[in-house]
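Trainee: Dropping a structure here in structure tokens format, bear with me for questions.
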Amino acid sequence: MELEKIALITGSTSGIGRATAELFAKNGIHLILCGRREDRLEEVKNELQKNVNVITLKFDVSNRKEVFSAIDNLPEEWKSIDILVNNAGNAHGLATFQDASLDDFDSMINSNVRGILNVSKAVVPFLINRKSGHIVNLSSIAGKQTYPKGSVYCASKHAVEAISQGMRMDLLPYGIKVTNIAPGAVETEFSLVRFKGDKKLADAVYQGFEPLVAGDIADAIYYAVSRPAHVQIADMTIFPKAQASGTLFEKNN
Ligand code: 8X3
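Counting in the UniProt record's numbering, the sequence shown runs from 1 upward without gaps.
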């Protein structure tokens with residue numbers, strides 16, 4: 001069991017973020033849980049503080065002021081962050097470039113690109129000070145390929161890929177590891193958000209094959225952060241068995 005490590009996880013109240021928080025807690029990693037929804041943060045905190053110390057930070061990753069004020073005001077003992085998991089992010093709409101709205105484009109750029117930049121810029125000085133740490137960025141197969149109706153979501157995840165590569169280079173002298181994780185289809189609230197609450201459309205995405213679940217990606221994240229000190233997992237792409245690209249699925253219906 002790992003001891004005395006601290007992880008800050010964004011988007012920790014649901015999906016991959018929550019599954020990661022649960023797995024980290026099981027392995028003795030203390031948690032700074034971040035999210036936008038106070039009631040859900042409290043719920044996850046109550047569940048996990050039986051195993052480890054947990055504090056919560058309520059902010060929207062795209063709001064620079066909120067992010068910096070929350071992270072800068074962490075109690076001193078919580079500033080020794082070992083692991084940053086940049087998980088928060090979403091898709092808004094699945095539509096052709098010509099039909100999609102600029103508001104949806106803004107939402108995706110704000111949460112998926114500005115969000116990772118804000119949180120990382122707030123946390124990286126702590127890692128640099130200690131000359132150690134590990135940043136895990138949640139990209140997507142959409143960061144490796146572009147698919148129809150996904151231009152700006154894919155652009156935002158391509159940006160995550162570039163940010164992961166750039167961070168890995170620039171943080172190299174400080175002994176900070178950077179892992180980029182690119183999942184395919186994971187059944188979470190992701191599609192429900194993408195389709196703005198339309199459950200039928202969301203459910204259809206995962207029909208006819210067995211999708212990944214949040215815990216599958218949490219396993220990969222924990223694998224990456226639990227390697228020996230000299231090992232840096234740079235990149236992982238993770239598909240369900242029935243997926244071979246951003247758009248190619250073997251469905252049985
Ligand atoms: C989520 C996976 O395939 O919908 O990032 O882009 S996909």
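Every residue, glycine too, gets a C-beta built ideally from N, C-alpha and C.
Since the structure is predicted, the reported quantities are computational estimates derived from the model, not experimental observations.
On the criterion of 16 or more Cβ atoms from any shown chain inside 10 Å, does A103 qualify as buried, or is it exposed?
Mentor: According to the sequence provided, residue 103 is Asp. The question's Ala does not apply to it. Classification for D103: exposed.
Trainee: Out of Q49, K251, V44, S245, which one is the CA nearest neighbour of E210?
Mentor: Ranking the options by Cα distance to E210, first place goes to K251.
Trainee: I'd like to know whether the C-beta atoms of V136 and I221 end up nearer to each other than 8 Å.
Mentor: Result yes, Cβ atoms of V136 and I221 sit closer than 8 Å.
Trainee: Whose C-beta lies closer than 8 Å to the C-beta of A100 among residues of the same chain, with five residues either side of it excluded?
Mentor: Answer for A100: G93, K149, S151, V152, listed in chain order.
Trainee: Rounded C-beta distance between A218 and I16? I'm assuming under 8 Å.
Mentor: Sure, about 6 Å apart at Cβ, within 8 Å.
Trainee: If you measure from the CB of G184, is any heavy atom of the ligand 8X3 nearer than 7 Å?
Mentor: Yes; taking the cut-off as 7 Å, the Cβ of G184 has a heavy atom of the ligand 8X3 nearer than that.
Trainee: Report the rounded CA-to-CA distance for E38 versus V119, giving the unit in angstroms.
Mentor: Roughly 18 Å separates the two Cα atoms.
Trainee: Residue range of the alpha helix (DSSP H) that L84 falls in?
Mentor: Counting along the chain, L84 falls outside any alpha helix (DSSP H), though it belongs to the beta strand (DSSP E) covering 83-86.
Trainee: Would you say S14 touches the ligand 8X3, meaning its beta carbon is less than 7 Å from a heavy atom?
Mentor: No, the beta carbon of S14 sits no closer than 7 Å to any heavy atom of the ligand 8X3.
Trainee: Excluding five sequence neighbours on each side, which residues of the same chain lie with their C-beta closer than 8 Å to the C-beta of E2?
Mentor: Its pLDDT being 44, under 50, E2 is placed unreliably by the model, and the measurement read from it follows with that caveat. Cβ within range, chain order: N27, G28, I29, S226.
Trainee: Using the C-alpha atoms, what's the distance from E189 back to A7?
Mentor: Each residue's alpha carbon lies about 23 Å from the other.
Trainee: Using only the alpha-carbon positions, how far apart do V213 and V205 sit?
Mentor: So the alpha carbons of these two residues sit roughly 13 Å apart.
Trainee: So is the beta-carbon of I141 under 7 Å away from any non-hydrogen atom of the ligand 8X3?
Mentor: The answer is yes for I141.
Trainee: Could you tell me if the beta carbon of G166 falls within a distance shorter than 7 Å of some heavy atom in the ligand SAM?
Mentor: The ligand SAM is not part of this structure, which contains only the ligand 8X3.
Trainee: Name the residue from R194, A234, D235, K199 whose alpha carbon lies nearest to the alpha carbon of F105.
Mentor: Of the listed residues, the one whose Cα sits closest to F105 is R194.
Trainee: Taking only the alpha-carbon atoms, compute the straight-line gap between L192 and K199 and give it to the nearest angstrom.
Mentor: C-alpha separation (whole angstroms): 6 Å.
Trainee: Taking all protein chains shown into account, decide if V113 is buried (16 or more other Cβ within 10 angstroms of its Cβ) or exposed.
Mentor: Label assigned to V113: buried.
Trainee: Only counting the same chain, and skipping five residues up and downstream in sequence, which positions put a Cβ closer than 8 Å to that of E42?
Mentor: Cβ within range, chain order: T56.
Trainee: How close, in whole Å, do the beta carbons of A142 and K157 come, if the pair is a contact with beta carbons under 8 Å?
Mentor: With a Cβ gap of about 4 Å, A142 and K157 count as contacting.
Trainee: Relative to the ligand 8X3, is the shortest distance from any of its heavy atoms to the C-beta of F239 smaller than 7 Å?
Mentor: Checking the Cβ of F239 against the ligand 8X3 gives no.
Trainee: Measure the alpha-carbon distance for S164 versus V178 and round it to whole angstroms.
Mentor: S164 and V178: Cα-Cα distance of roughly 7 Å.
Trainee: Just the C-alpha distance for P75 and I32, rounded to the nearest angstrom, thanks.
Mentor: Cα to Cα, P75 sits roughly 11 Å from I32.
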